[in-house]
Amino acid sequence: MDLRIFTEPQQGASYDDLLAVARVAEEEGFSAFFRSDHYLAMGDSDGLPGPTDAWITLAGLARDTSRIRLGTLVTSATFRLPGPLAVAVAEVDAMSGGRVELGLGAGWYLAEHEAYGIPFPSTAQRFEVLEEQLSIITGLWATPRGEKYRFSGKHYQISDSPALISPVQSPFPIIVGGHGRRKTPALVARFASEFNVAFSPPADFADLSGVVTEACRAAGRDPSSVRRTAAVVVCCGGDDAEVARRARSIGREVDELKANGACGTPDEVAAKLREYAAAGADGVYLQVLDLADLDHLRLLGREVIPKVA
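Here it is, written out as structure tokens:
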């Protein structure tokens, strides 16, 4: 099973904090470092030292790491225009030597849109925007050199774009995720190389993965061409006392984490991850919430990865 580290920097992290996590994740054998795309902290966090931009962060990490893959889970379509986003992602992919992945979603957190003056249309409109952005981004990247790209949609119109920049990777990995049973699976079948389900038990993961399989078949696509991944919060310790300490540091209860995440000793965490593998997951994003606790990453790398590899 492929294990990736997933961070929530809006809760309070500088670029140097994220670089430290990414480098330890790289050293300990995780395949990827991902971050959320948010500008406002959630819950009781004050968000200090302040928000960081997802794609500026990944551009820095592209130059400051060497092996680990990098990406967003997920970039909000409400935050960016599709043409400039296509350029930025392709540039960061080149800066990394072809290690970048784009998770793209419709956006959901109203408060951060209000806090930073970002328009927040209805759910239906946001999914329209997401679909058009996926069409435009993939269309720009697929345009042969010397030809022009055009698009006419409800939300975006593109005239005679030279589409000069393309990612190093082809096809480029695009992640679409969520819990919807109609729009999301259809978008996965059309555009995504990976389908992600966050913070759901293995049985729900398997059910939603099955919906994506049917959507792929309806679209004439081989369902096996879509990678399936889960995301879970992780809290691991060498013994019960260390597990409890790490749970307290992120403001969570051990019993709740064991019910809803991957929590416990390395054996317990590995057992939960194997449940996702049995449900059809090719990989899991481990959400680490205390970014200062680098020993947590080291324990996961040294004691959990070998048990699920």
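Start counting the sequence shown at 24; every next residue gets the next number (my numbering).
From the three backbone atoms N, C-alpha and C, an ideal C-beta is built for every residue, glycine too.
Model, not experiment: these values are computed from the prediction.
Start and end residues, alpha helix (DSSP H) containing residue i
i      : result
Phe228 : 225-241
Ala165 : 146-165
Ser119 : 105-119
Thr207 : 206-214
Glu51  : Looking at the DSSP string, Glu51 is not in any alpha helix (DSSP H), and its letter there is neither H nor E.
Leu133 : 133-138
Val191 : It is not in any alpha helix (DSSP H) - Val191 carries neither H nor E in the DSSP assignment.
Val331 : 328-331
Boundaries of the beta strand (DSSP E) in which residue i is found, first to last residue
i      : result
Asp22  : Nothing about residue 22 can be read from this structure; the chain reaches only from 24 to 332.
Tyr172 : 172-175
Phe218 : 217-221
Thr75  : First-last for Thr75: undefined, no H or E at that position.
Leu323 : Where Leu323 is concerned, there is no enclosing beta strand (DSSP E), given that its DSSP letter is neither H nor E.
Thr95  : 92-95
Ile181 : 180-184
Ile198 : 197-200
Gly126 : 123-128
Ala254 : 250-259
Near the ligand PLP: residue i beta-carbon under 7 Å from a heavy atom
i      : result
Cys259 : The ligand PLP is not part of this structure, which contains no ligands at all.
Same chain, Cβ closer than 8 Å to residue i, neighbours up to 5 away in sequence not counted
i      : result
Ala138 : Tyr62, Leu63
Asp262 : Thr288
Thr80  : Pro32, Tyr38, Leu41, Arg58
Gly70  : Gln33, Gln34, Gly35, Leu63, Ala64
Leu280 : Val256, Cys258, Ala270, Cys286
Cut-off 7 Å between Cβ atoms - residues of its own chain near residue i, not counting five sequence neighbours on either side
i      : result
Glu237 : none
Lys206 : Phe150
Arg86  : Met118
Glu135 : His61, Tyr62, Leu63
Arg90  : Glu49
Arg251 : Phe218, Ser232, Gly303, Ala304, Asp305
Ala45  : Phe56, Leu84, Thr88, Ile91
Thr161 : Phe214
Ala43  : Leu317
Between the CA atoms of residue j and residue i - distance to the nearest angstrom
i      : j      : result
Asp183 : Phe228 : 42 Å
Arg173 : Ala212 : 23 Å
Leu323 : Phe56  : 14 Å
Gln148 : Tyr132 : 15 Å
Arg204 : Phe222 : 16 Å
Thr88  : Glu49  : 8 Å
Ala304 : Ala253 : 7 Å
Ala285 : Asp278 : 11 Å
Ala270 : Gln156 : 38 Å
Pro246 : Leu314 : 36 Å
Ala242 : Gly201 : 19 Å
Gly121 : Val115 : 8 Å
Pro74  : Phe102 : 14 Å
Glu265 : Cys258 : 9 Å
Pro196 : Phe214 : 10 Å
Ser145 : His178 : 13 Å
Val11  : Leu231 : Because the chain in this structure spans residues 24 to 332, residue 11 falls outside the shown range and cannot be described.
Ala165 : Gly106 : 13 Å
Gly274 : Lys295 : 21 Å
Phe143 : Thr98  : 15 Å
Arg244 : Trp78  : 30 Å
Ala301 : Glu291 : 15 Å
Val327 : Ser216 : 26 Å
Val249 : Pro194 : 13 Å
Thr30  : Leu96  : 9 Å
Inter-residue CB distance, residue i and residue j (contact presumed, cutoff 8 Å)
i      : j      : result
Leu153 : Leu210 : 7 Å
Ala100 : Gly130 : 6 Å
Glu306 : Asp25  : The amino acid occupying residue 306 in the given sequence is Gly; Glu does not appear at that position. Yes, Gly306 and Asp25 are in contact; Cβ-Cβ is about 3 Å, under 8 Å.
Gly83  : Val123 : The Cβ separation is near 13 Å, so there is no contact.
Leu13  : Val199 : Residue 13 lies beyond the stretch modelled for the chain, which goes from 24 to 332, so this question has no answer here.
Val234 : Ala293 : Rounded, the Cβ-Cβ distance is 28 Å, inconsistent with contact.
Arg321 : Glu51  : 6 Å
Tyr308 : Arg27  : 5 Å
Gln180 : Val255 : Gln180 to Val255, Cβ: 41 Å. No contact.
Ile188 : Ala113 : 5 Å
Residues near residue i by beta carbon distance below 6 Å, same chain, minus five either side
i      : result
Gln34  : Ala64, Ser68
Leu163 : Ala109, Tyr172, Ala186
Leu317 : Val47
Ser272 : Asp313
Val191 : Asp116, Ala117, Gly121
Gly176 : Glu155
* Can you list, in chain order, the stretches of the beta strand (DSSP E) that have 3 or more residues and sit fully within the segment 270-315? -> 285-287, 306-310
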